[in-house]
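Enquirer:
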Amino acid sequence: MTRIWPWLCAASVALSLFMLGLLLALLLTRGLGHFWPSTLEVATLDSGELIAGEAVRETALPQRDGKERLYFTANRDIDGARWRWVAIDSIASRQTPTKLLRLQRGPWGDFIGYLSAYEDGQQRLEGEAAWQALATALAAPANTRPPATLVLETADGQLIRQALADIHRAQRPNAMHPGEKLRYWAHGVWQFLSEGPRAANTGGGVWPAIFGTVLMVIVMSVIVMPFGVLAAIYLNEIAHQGRLTRLVRIGVRNLAGVPSIVYGVFGLGVFVYGIGSSVDQWFFEDTLPSPTFGTGGLLWASLTLALLTLPVVIVATEEGLARIPDSQREGAVALGATRLETLTRIVLPMAMPAMLTAVILAVARAAGEVAPLMLVGVAKLAPQMPLDGDFPYLHLERKFMHLGYHLFDTAFHGDDVQAAIPLVYATALLLVTIVLVLNLTAIFLRHYLRRQRGQPC
Amino acid sequence: MTCVLSTTFCDLSLHHAITMTQPPRLSSSAPRTLAEPRYQRPHRQRLDRLATSVITAGAFAVLAAILAIGIFLLWESLPLLAMDDMALINSLSPLAWGTLKAALAAMLFALPLALGAAVYTAMYMPARQRTRIKPLLEMMEAIPGVVIGFIAGLILAPWVERHLTVTLVLLVWLPASALVAGMLWHALHKRWRQRLPFSSAALWLIPWFALMVLLALWAAPLAEQYLLGEDLRRFLDLQLGIDYATRNAMIVGAAMGFAVIPSVYALAEDALSDVPPALLEGAQALGADRWQALWKVALPAAGPGIFSAVMIGAGRAVGETMIVLMASGNTALLSASPFEGMRSMAAAIAIEMPEAAPGSSNYHMLIFAALLLFGFTFVVNTLAETVRLRLRTRLKRMGGGA
Amino acid sequence: MNSCATSFLLLRRPVHAISLSVLLMLALTSANAMASPVSGTLSAVGSDTMAGLILRWGEVLSQRHPDVNIQFQASGSANAPAALMAGTTRLGPMSRQMTDTERQAFEQRYGYPPLELKVARDALVVIVHRHNPLAELTRQQVDALFSTTRECGADAAINRWQALPATRDWPFGAISLHGRNSASGTYGLFQQRALCGGAFRPTLSQHPGASAAVAAVGESPGSIGYAGYHHLTPNVKAVSLINADGQAIAPNENSVQNGDYPLSRYLYLYVNAPPERPLPAAEKALLDLIFSPEGQQIARSAGFVPLSETLRQQQADW
Chain R
1 MTRIWPWLCA ASVALSLFML GLLLALLLTR GLGHFWPSTL EVATLDSGEL IAGEAVRETA
61 LPQRDGKERL YFTANRDIDG ARWRWVAIDS IASRQTPTKL LRLQRGPWGD FIGYLSAYED
121 GQQRLEGEAA WQALATALAA PANTRPPATL VLETADGQLI RQALADIHRA QRPNAMHPGE
181 KLRYWAHGVW QFLSEGPRAA NTGGGVWPAI FGTVLMVIVM SVIVMPFGVL AAIYLNEIAH
241 QGRLTRLVRI GVRNLAGVPS IVYGVFGLGV FVYGIGSSVD QWFFEDTLPS PTFGTGGLLW
301 ASLTLALLTL PVVIVATEEG LARIPDSQRE GAVALGATRL ETLTRIVLPM AMPAMLTAVI
361 LAVARAAGEV APLMLVGVAK LAPQMPLDGD FPYLHLERKF MHLGYHLFDT AFHGDDVQAA
421 IPLVYATALL LVTIVLVLNL TAIFLRHYLR RQRGQPC
Chain P
1 MTCVLSTTFC DLSLHHAITM TQPPRLSSSA PRTLAEPRYQ RPHRQRLDRL ATSVITAGAF
61 AVLAAILAIG IFLLWESLPL LAMDDMALIN SLSPLAWGTL KAALAAMLFA LPLALGAAVY
121 TAMYMPARQR TRIKPLLEMM EAIPGVVIGF IAGLILAPWV ERHLTVTLVL LVWLPASALV
181 AGMLWHALHK RWRQRLPFSS AALWLIPWFA LMVLLALWAA PLAEQYLLGE DLRRFLDLQL
241 GIDYATRNAM IVGAAMGFAV IPSVYALAED ALSDVPPALL EGAQALGADR WQALWKVALP
301 AAGPGIFSAV MIGAGRAVGE TMIVLMASGN TALLSASPFE GMRSMAAAIA IEMPEAAPGS
361 SNYHMLIFAA LLLFGFTFVV NTLAETVRLR LRTRLKRMGG GA
Chain V
1 MNSCATSFLL LRRPVHAISL SVLLMLALTS ANAMASPVSG TLSAVGSDTM AGLILRWGEV
61 LSQRHPDVNI QFQASGSANA PAALMAGTTR LGPMSRQMTD TERQAFEQRY GYPPLELKVA
121 RDALVVIVHR HNPLAELTRQ QVDALFSTTR ECGADAAINR WQALPATRDW PFGAISLHGR
181 NSASGTYGLF QQRALCGGAF RPTLSQHPGA SAAVAAVGES PGSIGYAGYH HLTPNVKAVS
241 LINADGQAIA PNENSVQNGD YPLSRYLYLY VNAPPERPLP AAEKALLDLI FSPEGQQIAR
301 SAGFVPLSET LRQQQADW
């Protein structure tokens with residue numbers, strides 16, 4: 001037995017690391033791979049039908065041997081569907097024509113097919129010239145584009161006309177060399193980070209969600225830091241270290257283990273329904289029944305999360321305070337400093353790294369929380385930023401978007417999960433990156449500062 | 001001065017402290033505004049009292065906020081007392097069962113991995129490696145629940161349904177393959193054993209596991225065909241009458257277990273590495289090998305700490321919302337089958353709370369569910385914390401005595 | 001610990017102080033916001049089914065009037081009356097009609113009924129895996145599949161694919177059920193129309209979103225589910241329903257628009273519109289867009305079925 005158990009213990013470490021690595025690798029490849037311009041192909045079926053699209057995945061057929069392949073065929077305006085399952089043994093041949101074009105368009109989603117002509121009022125261009133004209137037109141900013149029309153041809157020869165104004169991007173992935181693909185990829189990543197969502201959250205980027213998350217976290221830190229630090233100072237420096245203080249300390253630590261959804265319930269019941277509705281009745285009676293603060297919003301969400309992260313801040317700050325040797329305080333007092341002076345000149349500067357760690361940990365916790373936000377103010381789509389140029393600039397009553405909720409929403413509430421999953425991967429990767437970077441910063445900060453102090457880590 | 005930990009921080013701050021507490025007669029020539037000795041003391045003391053009361057007020061505000069949560073939940077679930085008991089029990093019991101089932105499944109998955117990992121890192125890993133691996137494992141805690149839930153609900157669950165045999169085989173084969181690796185290792189030539197020392201087994205086992213997963217992916221379907229002659233799901237359904245739901249307790253257990261591992265691991269590892277080395281050395285000097293020393297000495301000594309780690313993990317598993325919401329199928333069933341779904345209290349609150357009109361009986365019931373969650377986690381965590389603190393003092397005593 | 005009661009007040013005071021100062025600032029500027037013709041924030045709470053629709057209308061609306069913005073919280077139709085009642089929103093998109101109790105509660109609270117508008121047509125479709133040979137179901141069969149009560153008059157529950165003649169050879173035994181969670185209008189409507197008001201089986205997987213339910217059915221060949229018409233993807237197949245006359249009706253644009261398909265429905269938008277006050281410009285602009293031909297075309301591109309021309313014109317001046 002004494003030989004078996006150690007191996008099983010080693011295996012648990014290896015397995016945990018293996019799972020973590022698998023998860024991160026999955027997020028990385030799928031999240032970043034989504035922006036890579038993938039090869040388009042034209043498949044000729046045994047029946048003679050032509051299908052143009054991107055091969056997405058394959059699964060086994062349920063009833064007989066063999067596999068079927070899912071093609072992303074786009075062109076929802078023409079045949080009403082974006083996807084097509086094809087049994088692999090019914091495909092006669094596959095080609096990858098270089099002229100095959102993929103357009104990202106406004107209302108109907110992507111188009112896959114050929115560019116037949118480019119018409120801009122004065123002239124009609126065909127063939128390679130049309131593609132050149134389209135590329136130049138799309139390179140210009142959206143509001144300076146000419147009012148042109150494209151004539152597009154699907155793989156099976158149907159012609160449609162498409163206004164240039166509705167087109168976001170165009171690519172011919174089969175004709176691109178790796179350098180171009182990389183540039184296209186980088187541009188895609190940048191658009192994802194910097195643009196708002198399109199077409200009911202099934203396309204476009206996540207900028208409002210990033211912004212909302214960051215803003216909410218900042219407001220939360222502004223609320224939680226003073227209270228958390230005051231409470232920690234009280235517990236460590238002022239309170240009589242008796243049974244009661246110990247009890248309170250345990251209580252505070254335990255709050256960190258209370259499920260976040262409970263905080264959400266509290267926020268909804270007390271902040272939104274309780275305080276919010278009364279505030280509306282006192283100050284915003286003229287806009288009722290449209291609520292101002294009587295509905296979930298940035299302020300209530302930040303307050304709820306502040307409450308949620310309070311124990312994190314208190315515990316981390318107190319840890320820092322407890323590490324300061326008493327001799328420091330005694331020295332200050334011996335020199336005639338009052339308690340406030342000891343605090344502001346000796347204790348707080350020394351506890352600064354701990355407080356910094358506290359705020360980073362709180363932010364990392366808050367950035368990843370979704371459950372309480374679902375109750376107190378996150379919105380599926382809130383293009384109106386809570387921070388803008390209109391006085392008073394910061395609109396605490398507005399709803400906001402949040403990366404975590406955006407992920408949940410795109411994955412479960414969208415029109416088409418299949419289409420949304422790559423975006424969900426990208427969002428998940430972004431969220432994980434943000435939270436991991438914050439946590440790593442906290443770890444390194446603590447490690448570095450403690451080492452600098454010569455304290456044990 | 002006694003600024004032993006000489007840093008810029010304490011140097012500076014002490015310097016300030018000194019300048020400002022210099023005798024008043026010098027300060028008449030200094031540019032400080034607090035020049036007049038007669039006014040300095042009362043002003044400083046008033047400021048000090050003010051600050052103390054501000055701090056106290058802040059602390060009490062925090063305390064009040066904490067109490068307010070409990071009071072609010074209690075107050076809002078009071079109207080339930082007037083309600084029909086049976087209706088309440090009927091609607092809450094599947095939720096309570098689902099919560100426990102999900103937590104149990106998560107603990108079954110997480111405990112062996114977390115505790116095993118804690119034992120290995122605390123007892124076998126070289127200190128240098130340990131400082132790298134430990135934060136890495138703790139990093140798992142930072143992965144948001146919504147991400148894990150998405151992967152579990154939309155990616156893992158359908159995959160497992162398609163590859164049920166592979167999954168079940170892997171559950172058994174992966175731990176077994178570690179033993180196979182151990183046997184192979186013992187059979188290896190000494191030179192190789194030095195190159196792949198046991199102390200870094202946690203790292204070189206990772207590629208081994210990757211290989212084993214590939215092997216299972218290849219071999220399991222063949223074995224399925226050979227042994228059962230048909231699909232395992234079909235076999236379960238036709239021969240054993242077992243239903244299989246895509247989103248089930250097994251998936252939730254794995255996903256939530258993944259989320260719980262780091263918190264259990266971190267606390268258990270702390271408890272184990274707090275055991276004074278002298279105790280272990282003593283045992284080994286008496287002829288015990290490393291595992292015996294661990295099993296007979298370190299584990300009993302760190303037992304309460306490990307218990308509190310398990311409790312904290314259970315508390316986390318009970319309250320986790322997004323993972324259960326996304327990966328459990330939300331079926332309000334009272335079944336114990338690992339292949340069927342469940343509905344937990346936290347998930348029910350997240351889905352139904354915005355819909356419940358304030359004051360309705362459903363609203364009060366959901367708040368009562370929140371109160372249950374609050375109460376349960378609070379009690380469990382208090383227990384864990386008290387045990388942990390008691391252990392700490394005990395170990396200090398032991399370490400001091402040894 | 002006797003200071004707890006007072007300290008509770010202490011907590012609430014800073015909260016008030018923060019919000020009040022911001023509120024005062026906001027109150028000062030609200031007059032400015034009123035000046036520009038069409039501007040403002042539309043906030044809507046309600047049907048998850050209609051999220052794509054409302055958001056697409058919102059996108060077009062904010063293209064036309066850059067100062068108009070739309071916020072949408074999609075959490076299920078049952079949330080719309082609650083939010084309208086609680087005053088947390090003025091627009092309540094619902095995928096079913098308000099019940100009498102909901103309507104009465106609203107009237108009691110505000111003294112006038114909510115403005116009810118039909119904005120598009122949709123249908124509930126029963127879906128199976130794309131390779132499932134099942135083509136049509138009677139009402140009793142649907143009930144026998146999904147409910148424990150069998151209010152529609154089926155003789156026995158259907159638990160296995162082998163119990164249906166069309167799927168006797170389908171190599172999957174037990175049927176797994178997928179649908180929406182109880183907060184959604186889809187759940188309520190399916191219960192009312194397809195189960196004759198009976199109770200769902202507890203084994204129904206209640207997904208927090210309709211597209212998740214469709215994806216689940218598309219992933220697992222042994223399952224059946226229901227979802228909105230516009231959520232159909234090629235992963236799943238919509239089953240025709242046999243109506244009272246014995247005809248099998250497939251869900252398509254025609255049969256949904258003229259109501260032949262048994263589970264077709266209108267999608268509603270409830271507006272909290274006090275009779276004595278005119279509607280704010282932003283809300284008015286949204287309604288104008290919805291009942292324009294273009295608005296109905298947008299509904300089509302989102303996968304819904306547009307209103308019939310007569311109904312659209314009838315409601316154009318709501």
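Residue numbers (the working numbering), protein chains in the order written: chain R, 1 to 457; chain P, 1 to 402; chain V, 1 to 318. Beta carbons: idealized from backbone N, C-alpha and C, even for Gly.
Is the Cβ of N254(R) closer than 7 angstroms to any Cβ of chain P?
Expert: With a threshold of 7 angstroms between beta carbons, N254(R) makes contact with chain P.
Enquirer: Within the same chain, show all residues whose beta-carbon is closer than 7 angstroms to that of A362(R), passing over the 5 residues directly before and after it, in chain order.
Expert: S221, V224, T309, V312, V313
Enquirer: May I ask you to verify whether the region 221-228 of chain V touches the region 169-177 of chain V, counting CB pairs closer than 8 angstroms and requiring at least 3?
Expert: yes
Enquirer: Given G66(R), which residues of its chain have a CB within under 8 angstroms of its CB, disregarding the five upstream and five downstream residues?
Expert: A60, A87, I88, D89
Enquirer: With C-beta atoms as the reference, is M94(V) less than 7 angstroms away from G197(V)?
Expert: no
Enquirer: Hey, does P422(R) have any beta-carbon neighbour from chain V nearer than 7 angstroms?
Expert: no
Enquirer: So if DSSP puts I89(P) in a beta bridge, which residue, or which two residues, is it bridged to?
Expert: DSSP lists no partner for I89(P).
Enquirer: Here's the rule I'm using: 16 or more other beta-carbon atoms within 10 Å means buried, otherwise exposed. How should N254(V) be labelled?
Expert: exposed
Enquirer: What three-state label does DSSP hand S200(P) in the structure shown?
Expert: helix
Enquirer: Would the region 150-161 of chain V count as touching the region 191-210 of chain V if we require 3 or more Cβ pairs under 8 angstroms?
Expert: yes
Enquirer: Look up W75(P) in the DSSP assignment and say whether it is helix, strand or coil.
Expert: helix
Enquirer: Beta-carbon of Q206(V) versus every beta-carbon of chain R: anything under 7 angstroms?
Expert: Not closer than 7 angstroms to any Cβ of chain R, the Cβ of Q206(V) fails to qualify, so no.
Enquirer: For the 8 angstroms Cβ check, are there 3 or more pairs between the region 91-103 of chain R and the region 35-48 of chain R?
Expert: yes
Enquirer: Identify every run of the alpha helix (DSSP H) within the region 195-223 of chain V, keeping only runs that are complete inside it and at least 4 residues long; order them along the chain.
Expert: 210-219
Enquirer: Note down, in chain order, every chain R residue with its Cβ under 7 angstroms from the Cβ of H65(V).
Expert: Those do not exist, as H65(V) stays about 13 angstroms from chain R at its closest Cβ, beyond 7 angstroms.
Enquirer: Would P208(R) and M352(R) be called neighbours here (beta carbons separated by less than 7 angstroms)?
Expert: no
Enquirer: Taking just the CA atoms, how far does A210(V) sit from L373(R)?
Expert: 21 angstroms
Enquirer: Within 10 angstroms of the Cβ of M83(P), are there 16 or more other Cβ atoms? Answer buried if so, exposed if not.
Expert: In the assembly as shown, M83(P) is an exposed residue. Its beta-carbon has fewer than 16 other beta-carbons within 10 Å.
Enquirer: So is D122(V) buried or exposed if we call it buried at 16+ other beta carbons inside 10 Å?
Expert: D122(V) comes out buried.
Enquirer: Would you kindly work out how many angstroms separate the C-alpha atoms of L170(P) and R96(V), rounded to a whole number?
Expert: 47 angstroms
Enquirer: With 7 angstroms set as the bound, which would you pick, yes or no: does the beta-carbon of S184(V) sit closer than that to a beta-carbon of chain P?
Expert: no
Enquirer: Drop a sphere of 10 angstroms on the beta-carbon of T99(V), count the other beta-carbons inside from all chains shown, and report buried for 16 or more, exposed for fewer.
Expert: Counting C-beta atoms within 10 angstroms of its own C-beta, T99(V) has fewer than 16 neighbours from the protein chains shown and is therefore classed as exposed.
Enquirer: For chain R, find out if any of its Cβ atoms is closer than 7 angstroms to the Cβ of W291(P); answer yes or no.
Expert: yes
Enquirer: Exposed or buried, N90(P), counting other C-beta atoms within 10 Å across all chains shown (16 or more means buried)?
Expert: Taking all protein chains shown into account, N90(P) has fewer than 16 neighbouring C-beta atoms within 10 Å of its C-beta and is therefore exposed.
Enquirer: Does Y266(V) come out as helix, strand or coil in the three-state DSSP assignment?
Expert: strand
Enquirer: In whole angstroms, what separates the C-alpha of Y124(P) from that of G116(P)?
Expert: 11 angstroms
Enquirer: Give the interface partners of V56(R) over in chain P, defined as CB-CB distance under 8 angstroms, in chain order.
Expert: Chain P residues near V56(R): none, gap ~14 angstroms exceeds 8 angstroms.
Enquirer: Check the Cβ-Cβ distances between R82(R) and every residue of chain P, and say whether any is below 7 angstroms.
Expert: Taking CB atoms only, R82(R) has no neighbour in chain P less than 7 angstroms away.
Enquirer: Closest Cβ-Cβ distance between E385(P) and chain R: below 7 angstroms?
Expert: yes
Enquirer: Taking its Cβ as the centre, do 16 or more other Cβ atoms sit within 10 Å of I148(P), making it buried, or is it exposed?
Expert: buried
Enquirer: Using CA atoms only, rank isn't needed, just tell me which of S39(V), A51(V), L61(V), Q191(V) is closest to D288(V).
Expert: Per the Cα distances, L61(V).
Enquirer: In chain P, what lies closer than 9 angstroms to I443(R) by C-beta?
Expert: P135, E138, M139
Enquirer: Would you verify that the beta carbon of P278(V) is, or is not, closer than 7 angstroms to some beta carbon of chain R?
Expert: no
Enquirer: Quick one: give me the first and last residue of the alpha helix (DSSP H) that M183(P) is part of.
Expert: From DSSP, the alpha helix (DSSP H) with M183(P) extends over 164-187.
Enquirer: Is the CB-CB distance between A74(R) and D120(R) below 7 angstroms?
Expert: no
Enquirer: Have a look at F304(V) and P147(R) and give me their C-alpha separation to the nearest angstrom.
Expert: 29 angstroms
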